[in-house]
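This report refers to the structure that appears directly beneath it.
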Amino acid sequence: MPKIGFIGCGNMGGALVKAAANAGYADSIYICDHFAEKTQALSDELGVHVSDSVTIAKECDFIFMGVKPQVIDKAFAEISGILFERDDCVLVSMAAGV
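Note that the sequence shown covers residues 112 to 209 in the working numbering.
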């Protein structure tokens with residue numbers, strides 16, 4: 112089963128994590144957020160894996176960027192080198208205007 116990563120678990124990211132987990136993909140979902148308590152709460156509730164952005168960029172097949180537009184540059188800078196070396200993943204940005 113493909114691995115699904117979520118970088119940012121706010122309103123949009125959190126809703127997608129819940130939908131995917133409730134559809135039976137919880138064991139394939141890896142999440143990270145600036146607020147560790149948010150990711151831990153989702154992990155406890157849904158059984159998804161807590162991770163970090165670099166690991167998600169290296170290992171996930173589908174990656175959803177759900178960070179605020181004002182921090183997308185910083186968040187992407189942490190993983191861009193990894194993603195540019197890969198040709199086997201899909202990156203989706205949920206940031207407004209990006």
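Positions of the beta carbon are idealized from the N, C-alpha and C atoms, including for glycine. Quantities reported herein were computed from a predicted structural model and do not represent experimental measurements.
Of the residues the options, which one's Cα is nearest the Cα of residue i?
i, options, result
"Asp-141", "Val-161, Leu-153 and Leu-157", "With the sequence shown as reference, residue 141 is identified as Tyr, and Asp is not the correct amino acid for it. Considering only alpha carbons, the answer is Val-161."
"Lys-149", "Ala-137, Cys-120 and Ile-190", "Cys-120"
"Asp-163", "Glu-156, Asp-155, Leu-157 and Phe-146", "Phe-146"
"Lys-169", "Leu-157, Gly-192, Ala-206 and Ala-137", "Gly-192"
"Ile-167", "Ala-126, Asn-133 and Asp-144", "Asp-144"
"Pro-180", "Ala-137, Ala-206 and Leu-127", "Ala-206"
Please report the Cβ distance between residue i and residue j, rounded to the nearest whole angstrom; I am assuming they are in contact, meaning their Cβ atoms lie under 8 Å.
i, j, result
"Gly-177", "Gly-135", "In fact, because the Cβ distance is near 21 Å, the residues do not count as touching under 8 Å."
"Gly-116", "Ile-183", "Gly-116 to Ile-183, Cβ: 16 Å. No contact."
Taking C-beta to C-beta, are residue i and residue j nearer than 8 Å?
i, j, result
"Val-165", "Ile-190", "yes"
"Lys-114", "Ser-139", "yes"
"Ala-137", "Leu-157", "yes"
Is it buried or exposed, residue i, if we count other Cβ atoms within 10 angstroms and call 16 or more buried?
i, result
"Phe-195", "exposed"
"Asp-198", "exposed"
"Val-201", "exposed"
"Met-112", "exposed"
"Ala-188", "exposed"
"Ala-130", "exposed"
"Val-203", "exposed"
- Query: Which ranges would you report for the beta strand (DSSP E) in the stretch 119-164 if only whole runs of at least 3 residues count?
  - Reply: The stretch 119-164 is shown to contain whole beta strand (DSSP E) runs of 3 or more residues at 140-143, in chain order.
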